[in-house]
Amino acid sequence: MENLLSGVELLLRWDVALALLVGSVGGVIIGAIPGVGAAVAIAILLPATFSMDPIVGLTVLLGIYGSSMYGGAIPAILVNTPGTAVNALTTYDGYPMTQRGEARRALSIAYSASFWGGVFGIICLMFLSPMLALIAPHFGSREIFLAALLGMVLVVLAHRGQVFAAGMLAGFGILLQTVGLEPVKYTKRLTFDQTWLASGFDLIVVVLGLFALSQAFLLLVEQNKTPTLEPVSGSLLSNIKELWIYKRVATVAGGFGVLMGMIPGVGEFTAQFMSYTYAQKTSKHPEEFGNGSPEGLIASEAANNAVPAAAMIPLLALGIPGEALTAMMLSVFYVHNVIPGPQLFQNQIDFVYALYMAMLILNVIVIVFLVFSTNLMTRVIQIPTRFLGLVILTLSFVGVYSLRNSVVDCAIAAGFGVFGLILKRLELPIVPIVLGMVLGGIMEVKLRTSFTRVKSPLDFVDRPIAAILAICIVLVIALHIRSVVKDYRSGPKSINRPVNNNENKSR
Amino acid sequence: MNEKNTKNLFLRQRRSGDLVFSLLFFALCLFLAYNLPDQTTWSKGTKLPAQPAFWPYVSVGIMTFFSLLHLLTGLLSPAIKGRWLEVTFWLRSLEYAVWFMVYVFIVPILGYLLSTILFTSTLSLRLGFRSVNNLMLAVVFGIVVVVLFKSFLQVKVPGGQIYEYLPTAIRSFMLTYL
């Protein structure tokens, strides 16, 4: 109880209150603008948060992460264009409802399902992370190495249909973190006698290039797009009760969101797919799915909003990020010498409680803001995309340059920006690079440490948790190979018609 | 297992330009693999996982293996038109990378405020937003960014060289807030 009150005390500060407001409202606005997204905003703001208190900085970033998907539902429903990538499934049922003249109903259902998913995820975070933190002290170097390796394997295999690309890009991420002066023997690695490579590649610089600058370049080069849409009339509270009618779907979807959010590399897309499939299979009206089904809308929105809180579970309990956004947040922890893991729960539990409460408050602020400002958001959506590119490019400068005032950092970020643009155009995944950098660094340190106490490779898995993790790795790979072979035996693989990138600009 | 089926196993959906990217990435892998012995060190009396060269070898190995498979699946999949059009699109992004770097170079000379206003307004003109309203919007946006990040959030952006020519009181204000 004392810790809980201490956590409340942490939140009762003007700067935290401001961070709550900026994070939640800013996240909604960023999410509502197609072409920006939480990753771009977090990458830009990351260096600015380094000078803030950890609770303030993390509240802003968590606010953007958690609330962007609320905002992303608005253009998904009104103009059939998802605000963030994870709102793509929302268009399936949200837009047909708008076409039927039920835009207000669709938005109301989406907001209530998002709120339910968000709160459900936070409740699970509250119960599950202390449990994981109880197990966490049994995680030595080898267990953390194996957990990170499992994360890498899952990140690669989760990109079904793009496993080879994900594998090579994950390898590239691991390679990037090895470049420079190696910290134990002080030997140079892959520096090619270039002084600017001696300090290696900074994660923030790479992330800003891959997410923010690439998006700016993409928007600047592409044709200008300005969506037009009608304002929504009537109260957005009127259809919130429909969530109660479909409470089973909402709860199961939230459950899928939590489960998939906790597993590294899986995240929103799989959670949505599973909850949508479940909702359709158990619905009395499966034929309505894809044609404006409220159940489908609830399944997709509740699932994706449950993920952010769940993704914090492995980060807080073990210090292992499961996707790009939590990987970025990990750097905020490290900058302030707050090390996620079991010690965090033992030594700074008030900080953890404050984070939980901040996330709950964020969801409340977002829902209140959306009820009263959806029509304002419809005007934000209409910003011309090329002007948006200018905005992102200008803001990216602050992100990169303020780190070390280094021209070299800016040039590296610009290089990764062009590389990120190519990956986006080819629809190849960027996340494996970021996770390769973060998890690669963890794996290198932990493998080196663990081998000082290990005589043979079998000793490596002689502890229960290490053995379980090793079995999980083998099992995950075996199951993937099995499913590929199964697909192969079931007949010729149906692939879509090859796509010319220029045909698809409107998607 | 006939040839058609075996080939089918490796088919994947891809977009125009994929093959060019796959080839370039594989070439990068080969370049790195070739240079690994010169660019890394093996220490005597150190266990394999603690060797400085261990992780570069592992990562380049992973990259080469997967990029070879990615390239092969690309070669086996149906050809797509518009490859060079797509490469042109990639190259067009270099123009904005140059814009960005020019911005980076002028900030230490003109200062953050003036450089940002200059950058947003000229880029706005370049993008076709040429009306007075649009230009005003670009200028106001530039000012808001500087005030928000430098004055309010106090991010580390150095003052411009031209600030040296300002009167002392204004110079210290400009150095701190703009």
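Heads up: the sequence lines are chains A and B, in that order.
Take the first sequence: its position 213, counted from the start at 1, is 213 in the working numbering, and no numbers get skipped.
To convert a position in the second sequence, counted from 1, into the working numbering, add 1000.
Here a beta-carbon is modelled for each residue, glycine too, at the ideal position from N, C-alpha and C.
Hey, residue i and residue j: beta-carbon distance below 8 Å or not?
| i | j | result |
| --- | --- | --- |
| Y1096 (chain B) | L423 (chain A) | no |
| T394 (chain A) | T1120 (chain B) | yes |
| L388 (chain A) | G35 (chain A) | yes |
| T1064 (chain B) | F164 (chain A) | no |
| L320 (chain A) | L125 (chain A) | Correcting the residue identity first, residue 320 (chain A) is Ile in this sequence and not Leu. Not closer than 8 Å, so no. |
| G63 (chain A) | S24 (chain A) | yes |
| G37 (chain A) | S68 (chain A) | yes |
| Q1154 (chain B) | S51 (chain A) | yes |
| L1023 (chain B) | L1071 (chain B) | yes |
| I33 (chain A) | Y65 (chain A) | no |
| T191 (chain A) | G180 (chain A) | yes |
| S1016 (chain B) | R1083 (chain B) | yes |
| A148 (chain A) | M443 (chain A) | yes |
| A509 (chain A) | A478 (chain A) | This structure does not reach residue 509 (chain A), given that chain A is present from 1 up to 507, and the question cannot be answered. |
| V60 (chain A) | L45 (chain A) | yes |
| A358 (chain A) | L20 (chain A) | yes |
| L88 (chain A) | P429 (chain A) | Residue identity differs from the one stated: residue 88 (chain A) is Ala in this sequence, not Leu. The answer is no: Cβ separation not under 8 Å. |
Please report how far the alpha carbon of residue i lies from the alpha carbon of residue j, in whole angstroms.
| i | j | result |
| --- | --- | --- |
| I263 (chain A) | S283 (chain A) | 27 Å |
| I30 (chain A) | D53 (chain A) | 23 Å |
| I122 (chain A) | A306 (chain A) | 8 Å |
| L1148 (chain B) | G290 (chain A) | 43 Å |
| I481 (chain A) | A466 (chain A) | 23 Å |
| L58 (chain A) | T195 (chain A) | 34 Å |
| L318 (chain A) | C410 (chain A) | 32 Å |
| I1109 (chain B) | I109 (chain A) | 53 Å |
| D1018 (chain B) | L426 (chain A) | 6 Å |
| L1127 (chain B) | V332 (chain A) | 35 Å |
| G1160 (chain B) | P227 (chain A) | 40 Å |
| E182 (chain A) | R142 (chain A) | 21 Å |
| F256 (chain A) | T277 (chain A) | 11 Å |
| M260 (chain A) | A271 (chain A) | 6 Å |
| N239 (chain A) | L360 (chain A) | 22 Å |
| L11 (chain A) | L362 (chain A) | 12 Å |
| Q343 (chain A) | Q177 (chain A) | 26 Å |
| P384 (chain A) | T449 (chain A) | 52 Å |
| P1078 (chain B) | K486 (chain A) | 23 Å |
| L475 (chain A) | P457 (chain A) | 19 Å |
| S494 (chain A) | F1021 (chain B) | Legend: pLDDT at S494 (chain A) = 47, less than 50; position of this residue unreliable, no value from coordinates given. |
| F211 (chain A) | L154 (chain A) | 21 Å |
| E1164 (chain B) | M1174 (chain B) | 10 Å |
| I1117 (chain B) | Y401 (chain A) | 17 Å |
| K505 (chain A) | E1086 (chain B) | Residue confidence is low: K505 (chain A) scores 36 on pLDDT, short of 50, so the model does not pin down where it sits. Its coordinate-derived value is still stated next. So the alpha carbons of these two residues sit roughly 12 Å apart. |
| V338 (chain A) | V431 (chain A) | 24 Å |
| G200 (chain A) | K446 (chain A) | 20 Å |
| L197 (chain A) | G399 (chain A) | 20 Å |
| W14 (chain A) | K1150 (chain B) | 20 Å |
| R1130 (chain B) | K1081 (chain B) | 36 Å |
| S1059 (chain B) | G441 (chain A) | 12 Å |
| R1014 (chain B) | Y488 (chain A) | 19 Å |
Take the Cβ of residue i as the centre, count every other Cβ of all protein chains shown within 10 Å, and call the residue buried at 16 or more, exposed below.
| i | result |
| --- | --- |
| D462 (chain A) | exposed |
| V156 (chain A) | buried |
| T91 (chain A) | buried |
| Y1112 (chain B) | buried |
| D203 (chain A) | Asp is not the amino acid found at residue 203 (chain A); the sequence shown has Leu there. Buried, since its Cβ has 16 or more Cβ neighbours within 10 Å. |
| F1031 (chain B) | exposed |
| S1067 (chain B) | buried |
| P1037 (chain B) | exposed |
| A1169 (chain B) | exposed |
| G341 (chain A) | buried |
Give a yes or no on whether the minimum CB-CB distance between residue i and chain E is below 8 Å.
| i | result |
| --- | --- |
| L1094 (chain B) | Considering every chain present, this structure includes no chain E. Its protein chains are A and B. |
Next item on the list: May I ask you to list, following chain order, the residues of the stretch 1042 to 1061 of chain B that have a beta carbon less than 9 Å from some beta carbon of chain A?
Entry: S1043, T1046, K1047, L1048, P1049, A1050, Q1051, P1052, A1053, F1054, W1055, P1056, V1058, S1059, V1060, G1061
Next item on the list: Pair every Cβ in the stretch 1012 to 1029 of chain B with every Cβ in the stretch 121 to 137 of chain A, then say whether three or more of these pairs are closer than 8 Å.
Entry: no
Next item on the list: Give the residues from the stretch 1145 to 1170 of chain B that approach chain A closer than 8 Å (Cβ to any Cβ), ordered along the chain.
Entry: V1145, F1149, L1153, Q1154, V1155, K1156, V1157, P1158
Note to self: Between the stretch 166 to 181 of chain A and the stretch 374 to 392 of chain A, can you find at least three pairs of beta-carbon atoms closer than 8 Å?
What the structure shows: no
Notebook entry, point to check: Counting pairs of Cβ atoms below 8 Å between the stretch 77 to 88 of chain A and the stretch 242 to 251 of chain A, do you hit three or more?
Noted result: no
Note to self: Under 8 Å, CB to CB, which of the residues in the stretch 16 to 47 of chain A have a partner in chain B?
What the structure shows: P47
Check: Does the pairing of the stretch 363 to 370 of chain A with the stretch 108 to 127 of chain A give three or more beta-carbon distances under 8 Å?
Finding: yes
Check: Are there three or more Cβ pairs, one per stretch, closer than 8 Å when the stretch 297 to 306 of chain A is compared with the stretch 84 to 99 of chain A?
Finding: yes
Checklist line | Given 8 Å, three or more beta-carbon pairs between the stretch 225 to 240 of chain A and the stretch 401 to 412 of chain A | finding: no
Note to self: Residues of the stretch 418 to 436 of chain A in Cβ contact with chain B at a cutoff of 9 Å, in chain order, please.
What the structure shows: V418, L421, I422, L423, R425, L426, E427, L428, G436
Check: Between the stretch 4 to 19 of chain A and the stretch 341 to 357 of chain A, are three or more C-beta pairs nearer than 8 Å?
Finding: yes
Next item on the list: Mind checking the stretch 146 to 172 of chain A against chain B and listing, in chain order, the residues whose C-beta falls within less than 9 Å of any C-beta there?
Entry: V156, G161, Q162, V163, F164, A165, A166, G167, M168, L169, A170, G171, F172
Next item on the list: Say whether the stretch 413 to 423 of chain A touches the stretch 204 to 216 of chain A, bearing in mind that this needs 3 or more beta-carbon pairs closer than 8 Å, one atom from each stretch.
Entry: yes
Notebook entry, point to check: Relative to chain B, which residues along the stretch 392 to 407 of chain A have a C-beta separation below 7 Å, given in chain order?
Noted result: L393, T394, L395, F397, V398, Y401, S402, N405, V407
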